[in-house]
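Per my numbering, residue 48 is the first one in the sequence shown, and the count goes up by one each step. Here is the structure we will look at, set down as structure tokens.
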Amino acid sequence: MSGARAGLILDRDGVINVDTGFVHRIEDCRFVPGIFDLLRAARARDFAIVVATNQSGIGRGYFSEADFHRLMEEIGHVVAAQAGTVFDAVYFCPDHPTEGIGVYRRENDWRKPHPGMMRQAIADLGLDPARSWAVGDKMRDLEAAAGAGIANLVLFDEDAASVTRSHGHWVVPKLTDVVALFDR
Ligand SMILES: [Mg+2]
């Protein structure tokens, strides 16, 4: 059974903020050009907007779950101010199967490329996977989404020369290119 609503499921590091490595403080958070336009366009189409992010920096002991939640709250404030919208849900996986410390060292179906976070988002928000979109900067983001049945997959690659489609997913050099794909 599929839900009624379309979703836009975004990776965080490398899609919302520039991935400078285990970002956990707002001072170190630079937003990716075009992200606010993409969020505004998604909201205008009544998409549920979801963040699904591996955060093994927590499991590795680099920062805490509280640090993660604080940064997401601060990112949320910027998104509200700049894009006039909010995240409907945020999912994160703190675990890592080999680098995690203590309870965080474990296999977890939520860790991308596994589909757990995506499946949870679909269930929680009643998303229609066939009309939903996932945007990531790594293939593992797309593999996770595909594993949950999400039909529309986009790899954000700033080095791509143009918008192309290959092996069942789109490749875009700019986040605003995704908006055009929504309306094809
Ligand atoms: Mg990423």
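Glycine included, each C-beta is placed from N, C-alpha and C at the ideal position.
Cβ-heavy atom distance, residue i to ligand 1, below 6 Å
{"i": "D184", "result": "yes"}
{"i": "G149", "result": "no"}
Test item: CB-CB of residue i and residue j under 7 Å
{"i": "D135", "j": "H71", "result": "no"}
{"i": "I122", "j": "E112", "result": "no"}
{"i": "V219", "j": "V62", "result": "no"}
{"i": "H214", "j": "L202", "result": "no"}
{"i": "N101", "j": "K159", "result": "yes"}
Cα-Cα separation between residue i and residue j, rounded to whole angstroms
{"i": "A193", "j": "I73", "result": "31 Å"}
{"i": "A177", "j": "L86", "result": "20 Å"}
{"i": "N64", "j": "V79", "result": "5 Å"}
{"i": "D230", "j": "I56", "result": "17 Å"}
{"i": "R59", "j": "A99", "result": "7 Å"}
{"i": "C76", "j": "D175", "result": "31 Å"}
Neighbourhood of residue i by C-beta distance below 7 Å, restricted to the same chain and skipping five residues each side
{"i": "G81", "result": "K221, L222 and T223"}
{"i": "D188", "result": "D58, K159 and A181"}
Paired residues, beta bridge with residue i - DSSP
{"i": "F139", "result": "T100"}
{"i": "T211", "result": "V218"}
{"i": "F78", "result": "N64"}
Chain-order list of residues whose beta-carbon lies under 6 Å from that of residue i (same chain, five-residue window excluded)
{"i": "R107", "result": "E146"}
{"i": "Y109", "result": "F69"}
{"i": "N199", "result": "W180"}
Own chain partners of residue i with C-beta closer than 8 Å, once the 5 adjacent residues on each side are dropped
{"i": "A127", "result": "V133"}
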